[in-house]
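Chemist: Have a look at this one before I ask anything.
Number of protein chains: 4
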Amino acid sequence: MACQACRLTFRVRYSETDQLGTFYNSRVLEWFELGRSEMMRDWGVPYAEMEHRGAFLPLIEAHVVYRGRASYDDLLVMSTLAERAGKASLRFSYEIVHAEAEAAKGGQKGGGVATGWTVHAITDGGGRPIRCPTWLGEILDQHATQTEGTQ
Amino acid sequence: MACQACRLTFRVRYSETDQLGTFYNSRVLEWFELGRSEMMRDWGVPYAEMEHRGAFLPLIEAHVVYRGRASYDDLLVMSTLAERAGKASLRFSYEIVHAEAEAAKGGQKGGGVATGWTVHAITDGGGRPIRCPTWLGEILDQHATQTEGTQ
Amino acid sequence: MACQACRLTFRVRYSETDQLGTFYNSRVLEWFELGRSEMMRDWGVPYAEMEHRGAFLPLIEAHVVYRGRASYDDLLVMSTLAERAGKASLRFSYEIVHAEAEAAKGGQKGGGVATGWTVHAITDGGGRPIRCPTWLGEILDQHATQTEGTQ
Amino acid sequence: MACQACRLTFRVRYSETDQLGTFYNSRVLEWFELGRSEMMRDWGVPYAEMEHRGAFLPLIEAHVVYRGRASYDDLLVMSTLAERAGKASLRFSYEIVHAEAEAAKGGQKGGGVATGWTVHAITDGGGRPIRCPTWLGEILDQHATQTEGTQ
């Protein structure tokens, strides 16, 4: 019944900004990818290894709420959570804040940049849904948030 | 009370694919941008002109449902709709399908790639919310879908 | 001994700008891809079809000269040329200018945005060099610039 | 007369791959940006601070040689060097290799991914060339490679 948020610190790249002076909106989905990649590495089975074992996690749904601006080189902190969503899908949720604001508030969240979630199917390399492999199920039982009666 | 969907045909770029052989998930938000850009051009006030007049439309929320694969060079068709969402925001909704599938079905939609929507604030260049300018309100009254009592 | 430049007109996407208000530098390599994609389509064998036939053209070298700014929604024109470069490689060269400037000068180039070239190996899907397939050789003999004694 | 190469370790993002299973070619220019960003941070004046002081370094030329494949999540190491290039420009050169290959060879480079260089003008925020500010000149005198009689 573990419920661990994986934290990742990263900087906004110049290539991720747009002419409004903040990050371009689609970059958040790329950052979410970093969050779940690091989470799976923490699990001991990096996503590259999952694909190698024949389990792919293509997105089937994504949602982003934009909460504030972030400029080139700003240091951001992302918290990622995983939960099972039905028999053959996974749900990750994410929160991205300014590292500075988070520190200033003594752990209380602030300086919000974006929050959101993604839902992923479990498929083979050709995109066909497969049953959740035993090894993946065991990882999820150990690490993913268990939210009973939801989703 | 006009209700026009703006249609845009475009091809998947090689740079938009990923190692799974389909488009990378964040590209859909970039394609949505193309859809609303073309819609505003149809309105007679391209988005660049809007920004020039001091009205910016930063995203505050985005939602994507992934419905199928699309490979490099595939010809896709996007339909975009706009609607007012409260006093100081706008909502665009999008549907992207394979051009081939759409044609084969005689106009009936199929070969789905992605659907979704984005909600945009109306702000000045610094990101501060502003009242919807009169000229923009008139455009929306003419072109945006009027969905009473919804949101 | 044909020597045709393929012309492509396209607009700068918002996602391609950066906080300096012009296009981000790496986008030019993505635009170059569009130029050669359209050129191959003109040849009657789109690049997707080439890959389908087992001939891949990975970049082995790229060069870009940045000549001027271009903003969101600016209409640009790219001219692309192909030439053989040795037995197992191809070279494309590109020039991107503002459509407006080009028109104003009656066909004389101006309003330069970027120029450059890319060199591509001919390989199989695994990246291993292969001999130029007969069908590709014939296309190049017909369409690529023949620059004797160079490269 | 210091001559320090700045080293940066990073992973290939899924969003940076393409359907050929390696990184998409334009990503290398984005990685080069990371290399020089970290170098400037090492200098004590991060690039964001340079822009804040009114000195911008837009690219005027870029060159990339592609030396090998790299897959999603591969750990890469980039070495960056800076040198003055004339009175009003800077040149950075870069080498990206697989971390694993580099380690295996006891510091000898191998497992090459890409090398290249970029030349940057020194301009104000509007893109107009300016004289190299004194503080930037001093940094370069201290940290950039001095290659006499070259370029």
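Protein chains in written order, with this note's numbering: chain A, 165 to 315; chain B, 165 to 315; chain C, 165 to 315; chain D, 165 to 315.
No residue lacks a Cβ here, since even glycine has one placed at the ideal position from N, Cα and C.
This one's a predicted model, so the numbers in the text were calculated from it and none came from an experiment.
Excluding the 5 residues preceding and the 5 following M203 (chain A) in the sequence, name in chain order all residues of the same chain whose CB lies nearer than 7 Å to its CB.
Modeler: On the first sequence, position 39 is the one that residue 203 (chain A) refers to. Cβ within range, chain order: C170, T244, A246.
Chemist: For Y211 (chain B), which residues in chain C fall below 8 Å Cβ to Cβ?
Modeler: If you number the second sequence from 1, residue 211 (chain B) lands on position 47. Going along chain C in sequence order, the residues near Y211 (chain B) (Cβ under 8 Å) are Y178, Y236, D237.
Chemist: Which one or two residues does DSSP pair with C170 (chain C) in a beta bridge?
Modeler: Translated into positions along the third sequence, residue 170 (chain C) becomes position 6. C170 (chain C) is bridged to C:T244.
Chemist: Please name the residue in B:L172, B:G218, B:G208, B:Y230 whose C-alpha comes closest to that of S190 (chain B).
Modeler: Position 26 of the second sequence, counting from 1, holds the residue named residue 190 (chain B). Ranking B:L172, B:G218, B:G208, B:Y230 by Cα distance to S190 (chain B) puts B:Y230 first.
Chemist: Counting along the chain, where does the beta strand (DSSP E) carrying Q257 (chain D) start and finish?
Modeler: If you number the fourth sequence from 1, residue 257 (chain D) lands on position 93. In the sequence under discussion, the amino acid at residue 257 (chain D) is Ser, which differs from the Gln named in the question. First-last of the beta strand (DSSP E) with S257 (chain D): 253 to 262.
Chemist: Helix, strand or coil: how does DSSP classify I224 (chain A) here?
Modeler: Position 60 of the first sequence holds residue 224 (chain A). In the structure shown, I224 (chain A) sits in a strand (DSSP, three-state: E or B).
Chemist: Whose Cβ in chain A lies nearer than 9 Å to the Cβ of T287 (chain C)?
Modeler: In the third sequence, the residue the question calls residue 287 (chain C) occupies position 123. Near T287 (chain C) there are no residues of chain A at all, since even the closest Cβ is about 22 Å away, more than 9 Å.
Chemist: Does the beta carbon of V228 (chain D) come closer than 9 Å to any beta carbon on chain C?
Modeler: Here residue 228 (chain D) is taken as the residue at index 64 of the fourth sequence, counted from 1. Yes, its Cβ sits closer than 9 Å to a Cβ of chain C.
Chemist: For R175 (chain B) and chain C, any beta-carbon pair shorter than 9 Å?
Modeler: The residue you call residue 175 (chain B) lines up with position 11 of the second sequence. True, the Cβ-Cβ gap to chain C drops below 9 Å.
Chemist: Would you say G290 (chain A) lies against chain C (beta-carbon separation less than 9 Å)?
Modeler: What you label residue 290 (chain A) is simply residue 126 of the first sequence in a count that begins at 1. So no, G290 (chain A) is outside the interface.
Chemist: Provide the residue(s) that pair with T186 (chain A) in DSSP beta bridges, ordered along the chain.
Modeler: Locating residue 186 (chain A) in the first sequence gives position 22, where the first residue counts as 1. Answer by DSSP bridge pairing: none, since T186 (chain A) is not bridged.
Chemist: Using 9 Å as the threshold, is the C-beta distance between L263 (chain D) and T173 (chain D) below it?
Modeler: Numbered from 1 along the fourth sequence, position 99 holds the residue referred to as residue 263 (chain D). Numbered from 1 along the fourth sequence, position 9 holds the residue referred to as residue 173 (chain D). The question names Leu, yet the displayed sequence has Ala at residue 263 (chain D). In contact: A263 (chain D) and T173 (chain D) (Cβ atoms closer than 9 Å).
Chemist: Do V241 (chain B) and V192 (chain B) have their CB atoms nearer than 9 Å?
Modeler: Along the second sequence, one-based indexing puts residue 241 (chain B) at 77. Along the second sequence, one-based indexing puts residue 192 (chain B) at 28. No, the Cβ-Cβ distance between V241 (chain B) and V192 (chain B) is not below 9 Å.
Chemist: Since G280 (chain C) is in the beta strand (DSSP E), which residue starts that stretch and which ends it?
Modeler: As a position in the third sequence, residue 280 (chain C) is number 116, starting the count at 1. First-last of the beta strand (DSSP E) with G280 (chain C): 276 to 285.
Chemist: Do R217 (chain A) and P297 (chain A) count as a contact pair if the criterion is CB distance below 9 Å?
Modeler: Working through the first sequence from its first residue, we reach residue 297 (chain A) at position 133. Working through the first sequence from its first residue, we reach residue 217 (chain A) at position 53. Yes; because the gap between Cβ atoms is below 9 Å, this pair is in contact.
Chemist: Determine the closest residue to H284 (chain C) out of C:V176, C:F256, C:L304, with distance taken between C-alpha atoms.
Modeler: As a working mapping, residue 284 (chain C) is identified with position 120 in the third sequence. Of the candidates C:V176, C:F256, C:L304, the one whose C-alpha sits nearest the C-alpha of H284 (chain C) is C:F256.
Chemist: Mind checking the segment 211 to 225 of chain D against chain C and listing, in chain order, the residues whose C-beta falls within less than 8 Å of any C-beta there?
Modeler: So the close ones are F220, P222, L223, I224, E225.
Chemist: Taking all protein chains shown into account, decide if E302 (chain A) is buried (16 or more other Cβ within 10 angstroms of its Cβ) or exposed.
Modeler: Here the question's residue 302 (chain A) lines up with position 138 in the first sequence. Burial call: exposed.
Chemist: Against chain B, does Y188 (chain D) count as a neighbour if the rule is that its beta carbon must be under 9 Å from one of theirs?
Modeler: Walking along the fourth sequence from the start, residue 188 (chain D) turns up at place 24. Output row for Y188 (chain D): interface = yes.
Chemist: Look up R175 (chain C) in the DSSP assignment and say whether it is helix, strand or coil.
Modeler: Taking the third sequence and counting its residues from 1, one reaches residue 175 (chain C) at position 11. Strand at R175 (chain C).
Chemist: Taking T186 (chain B) and A234 (chain B) to be in contact with their CB atoms under 8 Å, please state how far apart those CB atoms are, rounded to whole angstroms.
Modeler: In the second sequence, residue 186 (chain B) corresponds to position 22, counting from 1. In the second sequence, residue 234 (chain B) corresponds to position 70, counting from 1. That belief holds up - the Cβ atoms of T186 (chain B) and A234 (chain B) are roughly 6 Å apart, short of 8 Å.
Chemist: For D288 (chain A), which residues from the same chain have a beta carbon less than 7 Å from its beta carbon, with the 5 sequence-adjacent residues on both sides left out?
Modeler: Translated into positions along the first sequence, residue 288 (chain A) becomes position 124. Taken in chain order, the residues that qualify are G218, F220, I294.
Chemist: Taking the continuous alpha helix (DSSP H) assigned at D305 (chain A), which residues delimit it?
Modeler: Indexing the first sequence from 1 puts residue 305 (chain A) at position 141. Note, D305 (chain A): alpha helix (DSSP H), 298 to 307.
Chemist: Exposed or buried, D305 (chain A), counting other C-beta atoms within 10 Å across all chains shown (16 or more means buried)?
Modeler: Here the question's residue 305 (chain A) lines up with position 141 in the first sequence. Exposed, because fewer than 16 other Cβ atoms sit within 10 Å of the Cβ of D305 (chain A).
Chemist: So is E264 (chain D) in contact with chain A if we call contact Cβ pairs under 9 Å?
Modeler: Position 100 of the fourth sequence, counted from the first residue, corresponds to residue 264 (chain D). Not an interface residue.
Chemist: Within this structure, are the beta carbons of Y236 (chain A) and T181 (chain A) separated by less than 9 Å?
Modeler: Position 72 of the first sequence, counted from the first residue, corresponds to residue 236 (chain A). Position 17 of the first sequence, counted from the first residue, corresponds to residue 181 (chain A). Yes.
Chemist: Less than 9 Å between the beta carbons of A268 (chain B) and G276 (chain B), yes or no?
Modeler: Start at 1 with the first residue of the second sequence, and residue 268 (chain B) comes out as number 104. Start at 1 with the first residue of the second sequence, and residue 276 (chain B) comes out as number 112. No.
Chemist: Please tell me whether L304 (chain B) has its Cβ less than 9 Å away from any Cβ of chain C.
Modeler: Position 140 of the second sequence holds residue 304 (chain B). So, not an interface residue.
Chemist: Quick check on the burial criterion: 16 or more other C-beta atoms within 10 angstroms. Buried or exposed for W195 (chain D)?
Modeler: What you label residue 195 (chain D) is simply residue 31 of the fourth sequence in a count that begins at 1. When all chains shown are included, W195 (chain D) counts as buried.
Chemist: Counting contacts by CB-CB distance shorter than 9 Å, is G232 (chain C) in contact with chain A?
Modeler: Looking up residue 232 (chain C) in the third sequence gives position 68. By this cut-off, G232 (chain C) is not an interface position.
Chemist: Quick check on L254 (chain A) - is its C-beta less than 9 Å from some C-beta in chain D?
Modeler: Numbered from its first residue, the first sequence carries residue 254 (chain A) at position 90. No, L254 (chain A) does not count as interfacial toward chain D.
Chemist: Between L198 (chain D) and chain C, is the shortest Cβ-Cβ distance under 9 Å, so that the two count as touching?
Modeler: As a position in the fourth sequence, residue 198 (chain D) is number 34, starting the count at 1. No, no contact with chain C.
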